[in-house]
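Numbering of the sequence shown is given in the working numbering, commencing with residue 50 and proceeding in unit increments.
Even for Gly, the Cβ is constructed at its ideal location relative to N, Cα and C.
Predicted model, so just to flag it, every value in this text is computed and none were measured.
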Amino acid sequence: MVQAALQSGKAKRDCVFEVFTRSLPAGRRYGVVAGTGRLLEAIRDFKFSADDIAYLQEQSIVDVETLNYLIDYKFRGQIEGYQEGELFFEGSPVLTVTASFAEAVILETLILSILNHDSAIASAAARMDSVAQGRSLVEMGSRRTQERSAVAAARAAYIAGFDATSNLQAGKQWGIPTMGTSAHSFTLLHDSEEEAFKAQVAALGVDTTLLVDTYDIKKAVDLAVKITKGKVAAVRIDSGDLAATAEEVRKQLDRLGATDTKIVLTSDLDEYTIAALASSPVDRFGVGTSLVTGSGHPTAGFVYKLVAHQKGHTWVDVAKKSKGKTSKGGKKIAYRQLEDGFATAELIGKKSGRKLQQVLFDGAPEQQYLGKAGVRLARAHHQKARSELLPNALRLSKGEPAIPTIYS
């Protein structure tokens, strides 16, 4: 497209592109914007290296004029959008990119790949957090996804309410608290479960989590309490009837005097199993596969569409008319209508309520949205935004979007 636009003389025409979703995933009531900070850093650093240019030239993918354009490419436009951690609904203009056509269209794949992935994870994480009833949630999905997406998933989950991650790279890069447990392989390595527990406690102290379901759970809990003199921080259960087992283990721990020992549950959890365990004596959930795959919806469904371009001194609104894939032309403003502190509508085109769009990038990214500080800001903003939803909007049952999107 860039080559064709250069040849037609339209590559430098100022344009407005918009990121939005035509609909929420089936049955979902809201989505969570995530990945914005990562995206801003990626756009800041985006360029075509000498190797990239050489490849394009060797493969005759583009002509010389286009190669020369790409050699000097740097995004110099403006990006406005919803703050990371914000909720989104059908038609929400979560990102608005204003730049020349060539500058903006080159970023399409980068923008959509980051926002679609991270927002899908954050949306799933928020649902899990909303039914956890204040109990701790740990992201444990690194082994169930690609290595780079694992770090991004940990970041998105933390923004949407998870408390920690087992991914140390995510902790290092984004300042997320880290937490882990032992695996069955460690127990199986030793000649007995007692030997394994003693080795773990000797190395890590009693402030550790012992995995008690390798052989016999009741015997393992007895050992855990005996070896630590009742001071083991937590025991983890990774199999079986989780609700019934948690009840039995809690009674056993209390009977043995280990009343402060926490119970951690893992084993293919999702928002529905977490909700089903609401009355169980569980202190922490470790969630993996379901979380890092979006809990049935691995993409947020975002698209990136041209909504306006400049012709002379006039902006011209443009829109798709394709059946089932229409778009609405024109640059948009978005506000969240509130009544008594609760969200009642997503207003597009009317200034009423809480303003949703911020300047995120103007020649360079806004620094407060970047790095570890940006993650903390996004996490805090998400809690505020989610608190504006009425309780019925947090239900897991399928339903309509929590609030309507109204255009004016």
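{"Query": "Segment limits, beta strand (DSSP E) that includes THR393", "Result": "391-397"}
{"Query": "6 Å CB neighbourhood of ALA451 in its chain, flanking five on each side removed", "Result": "ARG78, TYR79, LEU438 and ALA442"}
{"Query": "Backbone secondary structure at HIS346 - three-state DSSP", "Result": "coil"}
{"Query": "Backbone secondary structure at ALA175 - three-state DSSP", "Result": "helix"}
{"Query": "Start-end ranges of the alpha helix (DSSP H) lying completely within the stretch 406-443, minimum 4 residues", "Result": "420-435"}
{"Query": "Sheet register partners of GLY448 (DSSP bridge)", "Result": "The partner list for GLY448 (beta bridge, DSSP) is empty, contrary to what the question assumes."}
{"Query": "Three-state secondary structure (DSSP) of GLU188", "Result": "strand"}
{"Query": "For VAL143, the first and last residue of its enclosing beta strand (DSSP E)", "Result": "Careful: VAL143 lies outside any beta strand (DSSP E) and carries neither H nor E."}
{"Query": "Sufficient close CB pairs (3 or more, under 8 Å) joining the stretch 406-419 to the stretch 388-398", "Result": "no"}
{"Query": "Close Cβ partners of GLY306 (< 6 Å) along its chain, the five nearest in sequence each way excluded", "Result": "GLY279"}
{"Query": "Of the listed residues VAL51, LEU105, SER149 and PHE124, nearest to ALA357 (C-alpha basis)", "Result": "SER149"}
{"Query": "Runs of alpha helix (DSSP H) lying entirely within the stretch 316-379, each at least 4 residues, in chain order", "Result": "320-325 and 338-341"}
{"Query": "Three-state class that DSSP yields for ASP101 in the structure shown", "Result": "helix"}
{"Query": "Sequence-distant residues of its chain with Cβ nearer than 7 Å to PRO347 (five each side left out)", "Result": "ALA169"}
{"Query": "Alpha helix (DSSP H) runs contained entirely in the stretch 67-126, provided each spans 4 or more residues", "Result": "85-94, 99-107 and 113-120"}
{"Query": "Of the residues ALA413, ARG62, VAL424 and ALA434, the one placed nearest ARG125, counting alpha carbons only", "Result": "ALA413"}
{"Query": "Candidates TYR131, SER162 and VAL111: closest to ALA91 by CA position", "Result": "SER162"}
{"Query": "Range covered by the beta strand (DSSP E) that runs through LEU314", "Result": "311-314"}
{"Query": "Sufficient close CB pairs (3 or more, under 8 Å) joining the stretch 359-371 to the stretch 208-221", "Result": "no"}
{"Query": "Close Cβ partners of GLU114 (< 8 Å) along its chain, the five nearest in sequence each way excluded", "Result": "GLN52, LEU55 and GLN56"}
{"Query": "Selection from TYR353, GLY254 and LEU314 that minimises the alpha carbon distance to GLY337", "Result": "LEU314"}
{"Query": "Burial state of GLU177, where buried means 16 or more other Cβ atoms lie within 10 Å", "Result": "Glu is not the amino acid found at residue 177; the sequence shown has Met there. Buried is the call here."}
{"Query": "Residues that DSSP places opposite PHE246 in a beta bridge", "Result": "Answer by DSSP bridge pairing: none, since PHE246 is not bridged."}
{"Query": "Reduced DSSP secondary structure (H/G/I, E/B, other) of LEU238", "Result": "helix"}
{"Query": "Distance, VAL424 Cα to GLY398 Cα", "Result": "29 Å"}
{"Query": "Own chain, CB closer than 7 Å to TYR353, minus 5 neighbours either side, in chain order", "Result": "PHE66, VAL68, GLU157, ILE160 and LEU161"}
{"Query": "C-beta atoms of ASP63 and THR147 nearer than 9 Å", "Result": "yes"}
{"Query": "Beta-carbon contacts of LEU318 that lie in its chain and below 6 Å, excluding the five residues immediately before and after", "Result": "PHE334 and VAL336"}
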